[in-house]
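Numbering follows the working numbering, with no gaps: position 29 of the sequence shown is 102. Report on one structure; see the data block that follows.
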Amino acid sequence: MQKTGNFPVFFSVSNITVFKIKLMNICVFCSSSNAIPDVYFKEAQQLGTLIGQNHHSLINGGANVGLMEAVTIAASKAGAKTIGIIPEKMIHRSLASDNSHEVIVTKDMMERKAHMRELSHAFIALPGGFGTLEEILEVITLRQLSYHHKPIVFINTNGFFDHLFKQFEISYTEQFAKPVYRELYYVAKDSEDALNHIVNYKEIELDSKWFVVPEK
Numbered sequence: 074m075q076k077t078g079n080f081p082v083f084f085s086v087s088n089i090t091v092f093k094i095k096l097m098n099i100c101v102f103c104s105s106s107n108a109i110p111d112v113y114f115k116e117a118q119q120l121g122t123l124i125g126q127n128h129h130s131l132i133n134g135g136a137n138v139g140l141m142e143a144v145t146i147a148a149s150k151a152g153a154k155t156i157g158i159i160p161e162k163m164i165h166r167s168l169a170s171d172n173s174h175e176v177i178v179t180k181d182m183m184e185r186k187a188h189m190r191e192l193s194h195a196f197i198a199l200p201g202g203f204g205t206l207e208e209i210l211e212v213i214t215l216r217q218l219s220y221h222h223k224p225i226v227f228i229n230t231n232g233f234f235d236h237l238f239k240q241f242e243i244s245y246t247e248q249f250a251k252p253v254y255r256e257l258y259y260v261a262k263d264s265e266d267a268l269n270h271i272v273n274y275k276e277i278e279l280d281s282k283w284f285v286v287p288e289k
C-alpha cells in the first residue's frame with residue numbers, strides 16, 4: 074500500500090487494478106442544544122457512526138453539548154479520529170468535550186471557523202441554530218466566490234431546513250442569486266445519503282457570481 078495525500082492506493086500483484094479509498098476530514102456543523110427532540114440526536118449519532126465506519130475523521134466545534142457531543146461520541150466509538158476546534162472563551166466555561174482526540178483552541182469564533190474550513194475536505198450541516206446557519210452559509214458563500222471547491226451538504230432531518238430552502242428559492246426567483254447556485258450544496262435525506270454524495274463528489278466550475286460583471 075502507498076499513500077498519496079488523503080488517498081491510500083492499493084496495487085494488485087496479479088493485475089493492474091488500482092483501488093483508491095477517499096479518507097477525508099469531514100466537518101460537521103450542528104446544534105449545541107440539549108433540549109431538542111430526540112430525532113435530531115439519532116441522526117447525529119448515525120452520522121458519527123458512519124464517519125467512523127468509513128474511516129474518515131470528524132472535525133467539529135468541540136463542545137460537550139447538543140448534537141456536537143452526540144456526533145463526537147458516535148464517531149469516536151466507531152473508530153474515527155475526532156478533532157474539536159473551540160474558542161478559549163468556551164474552554165473557560167468548561168464546554169470542551171472530553172471525547173475529542175485532539176482539541177485545537179482558538180482565540181475567537183472567526184479563527185475557529187477558519188481552522189475548521191482549512192482542515193476539512195467536506196462540510197455537513199445537521200440542524201442547528203444561528204451559529205450553525207452562519208457556519209454553513211459562510212462556506213456556501215466562499216464556494217460561490219471560488220475560495221474553495223469542497224462539497225457542502227445539508228442533512229434535512231425532519232424537514233428542518235425546508236423554510237431556509239424556500240428563502241433560497243426566493244433569492245433565485247428575484248435574481249439575488251443565480252439559479253445555478255443550487256449546485257453549490259446538496260440536500261441529503263439522511264446521513265448515508267450525505268456521505269455517498271461526498272465520496273462521489275466531482276468539482277464543478279460555476280460562472281461569475283455577478284449578473285452584470287463590474288467594470289474594471
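From the three backbone atoms N, C-alpha and C, an ideal C-beta is built for every residue, glycine too. Since the structure is predicted, the reported quantities are computational estimates derived from the model, not experimental observations.
Considering only their Cβ atoms, is the gap separating A117 from N137 smaller than 9 Å?
Working through the sequence shown from its first residue, we reach residue 137 at position 64. Working through the sequence shown from its first residue, we reach residue 117 at position 44. Contact flag unset, no.
Per-residue burial, R185 [other beta carbons within 10 Å of its own, 16 or more giving buried]:
Residue mapping note: residue 185 aligns to position 112 of the sequence shown, counting from 1. By the neighbour-count rule (16 or more Cβ atoms within 10 Å), R185 is buried.
With a cut-off of 8 Å on the beta carbons, I'd call M189 and I132 a contact; round off their distance for me.
Here residue 189 is taken as the residue at index 116 of the sequence shown, counted from 1. Here residue 132 is taken as the residue at index 59 of the sequence shown, counted from 1. The Cβ separation is near 6 Å, so the contact holds.
Go ahead and label F187 buried or exposed: buried means 16 or more other beta carbons lie within 10 angstroms of its beta carbon, across all protein chains shown.
Stepping through the sequence shown from its first residue, residue 187 is reached at position 114. Checking the sequence, you will find Ala at residue 187 rather than Phe. Exposed, since its Cβ has fewer than 16 Cβ neighbours within 10 Å.
Would you kindly check if the distance between the Cβ of I146 and the Cβ of I159 is under 9 Å?
Translated into the one-based positions of the sequence shown, residue 159 becomes position 86. Translated into the one-based positions of the sequence shown, residue 146 becomes position 73. No, they are not a contact pair.
Where does E278 fall in DSSP's three states?
In the sequence shown, residue 278 corresponds to position 205, counting from 1. Coil at E278, not helix or strand.
Assign V112 to one of two classes, buried (16 or more other C-beta atoms within 10 Å of its C-beta) or exposed (fewer than that).
By 1-based counting over the sequence shown, the position of residue 112 is 39. By the neighbour-count rule (16 or more Cβ atoms within 10 Å), V112 is not buried but exposed.
N231 in three-state terms, based on DSSP:
Locating residue 231 in the sequence shown gives position 158, where the first residue counts as 1. Helix.
State yes or no: is the beta carbon of N137 nearer than 9 Å to at least one beta carbon in chain C?
Included in the structure is just one protein chain, with no chain C present.
Does the beta-carbon of E276, which I'm using as the reference point, lie nearer than 8 Å to any heavy atom of the ligand FAD?
Looking for the ligand FAD in the displayed structure turns up nothing, as the structure carries no ligands at all.
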